[in-house]
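Reviewing the structure listed below.
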Amino acid sequence: MADAVAANTNIGTIGVVGAGTMGSGIAHVFARAGFRVLLCDVEQRILDRAISAIRANLGREAAKGKLAEGEIEPALARILPTIDRDALGDADLAIEAASERFEVKAEIFRALDRILTQDAILASNTSSISIRRLAAETRRPGQVIGMHFFNPVPVMALVEVVRGQATSDATFARVEALAVRVGKTPVAVNDAPGFVSNRVLMPLINEAAFAVMEGVATPEAVDQIFKLGMAHPMGPLTLADLIGLDVCVDILKVLEDGFGDAKYRACPLLVEMVEAGKLGRKSGLGFYSYEK
Ligand SMILES: NC(=O)c1ccc[n+]([C@@H]2O[C@H](COP(=O)([O-])OP(=O)(O)OC[C@H]3O[C@@H](n4cnc5c(N)ncnc54)[C@H](O)[C@@H]3O)[C@@H](O)[C@H]2O)c1
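The opening position of the sequence shown corresponds to residue 1160 in the numbering used here, with each subsequent residue numbered one higher.
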């Protein structure tokens, strides 16, 4: 199967580093499309949680008729969870989906650059961090690229493909073809803080949080205004809960530092909520409650 899926791109095995919200979604999508996936995180507990989330999400797809029941177990069997980063050595492409902190990603990029074969591509699912700076941590800057998936990965069609300063045309073409191969629509952008998606989205979420903090409106009212007035499928605060309020604050920090502009300063309400462990959907509480 891995040979068949490798046609056009020479990519049959995918390494995914970080098995949280995004890493598990990315593993799901590649395994469903027939790729072998090496899924790595720092603790077995996190990997176990990721595999059960993927199993549940594949089941949900089967229930909707998007996948045959008989394809669930073979897809899961293609995912090899590991806490040993060295096990990613035979990946043709590694996608880093760890926390949105430059130091965390830089350390992973340096390690993967040592572990992976010479031809392998190193991609980051970063929401905002410079691809050029990550590439500079490696000896393969031409093979470093941004592959920005959207949440929930099995559902959302877009992949923002981010060209770093040194990304080669060959790397870009292989990653673009790969995105199409797994049913996604790649859209090319150049490297700048937040790329396009989060440069535009995060100020919206931040202003919505300010409106709540200043007592202008409740979260429900803010979200209703965007759903009914602007035809957004969900309001900005529901979306912030889905993304993770910690991830939003981290992205705003990258925008503020990257542009040197205080207009991106994270709303104190967002910062306080993160400090209190209210991270949104993943912690059970954010602007809304998700406790069962
Ligand atoms: N949440 C979203 O909606 C969204 C959307 C697009 C992109 N992203 C980006 O994807 C990345 C991951 O975000 P997430 O929401 O999945 O975060 P998350 O907190 O759910 O998961 C991050 C995972 O990375 C793991 N990790 C941290 N350091 C590691 C290391 N050194 N080696 C291996 N694993 C490590 C953590 O244990 C955790 O499981 C971030 O860069 C984020 O900006 C997030």
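Think of the CB as a built atom: it goes at the ideal place given N, C-alpha and C, for glycine as much as any other residue.
With a cutoff of 8 Å on beta-carbon distance, G1353 and I1410 are scored as near each other.
The continuous stretches of beta strand (DSSP E) do not include N1365, which lies in the alpha helix (DSSP H) extending over residues S1356 to M1372.
Per DSSP, R1208 lies in no beta strand (DSSP E) segment; the continuous alpha helix (DSSP H) that holds it begins and ends at Q1203 to A1222. Excluding residues up to 5 positions away in sequence, A1370 lie with their Cβ nearer than 6 Å to the Cβ of A1376 in the same chain. By the neighbour-count definition (other C-beta atoms within 10 Å, threshold 16), T1326 is a buried residue.
Of the candidates G1248, I1288 and V1314, I1288 places its Cα closest to the Cα of F1261. Within the chosen limit of 7 Å, ligand 1 does not reach the beta carbon of T1297 with any heavy atom. Taking 8 Å as the cut-off, the Cβ atoms of T1180 and N1310 count as close.
N1284 is positioned such that its CB atom lies closer than 8 Å to that of I1254.
Listed as beta-bridge partners of I1274 by DSSP are no residues whatsoever. At the C-beta level, I1213 and L1235 come within 8 Å of one another.
G1403 has its CB nearer than 7 Å to a heavy atom of ligand 1. Annotation for T1344 indicates a beta carbon at 7 Å or more from all heavy atoms of ligand 1.
Between P1313 and E1373, the C-beta gap is not smaller than 8 Å, which leaves the two residues out of contact.
Distances between the C-beta of F1309 and the heavy atoms of ligand 1 include at least one below 7 Å. The bridge partners DSSP lists for G1174 are L1197 and A1253. Taking each of V1355, R1340 and V1341 in turn and checking the Cα distance to A1347, the smallest one comes out for V1355.
Pairing L1252 with G1193, the inter-Cα distance amounts to about 15 Å. Taking C-beta atoms as the reference points, V1321 and P1345 fail to come closer than 8 Å.
With respect to the 8 Å criterion, A1250 and L1275 are classified as neighbours on the basis of their beta carbons.
Relative to ligand 1, I1205 has its C-beta within less than 7 Å of a heavy atom.
Nearest in C-alpha terms to Q1277, of all of T1330, V1406 and L1444, is T1330.
Taking C-beta separations shorter than 7 Å and ignoring five residues to either side along the sequence, the partners of I1185 in its chain run V1175, I1254, A1256, N1284, F1308 and V1312, following chain order.
Placement of the Cβ of E1434 at a distance of 7 Å or more from every heavy atom of ligand 1 is found.
For M1181, the uninterrupted alpha helix (DSSP H) run begins and ends at T1180 to R1191, by DSSP.
Assignment of E1259 by DSSP, reduced to helix, strand and coil, places it in the coil class. Within a 10 Å sphere around the beta-carbon of R1299 sit 16 or more other beta-carbons, which makes this residue buried. For I1304, there is no enclosing alpha helix (DSSP H); the enclosing beta strand (DSSP E) covers residues V1303 to F1308.
DSSP places A1390 in no beta strand (DSSP E); its state is neither H nor E.
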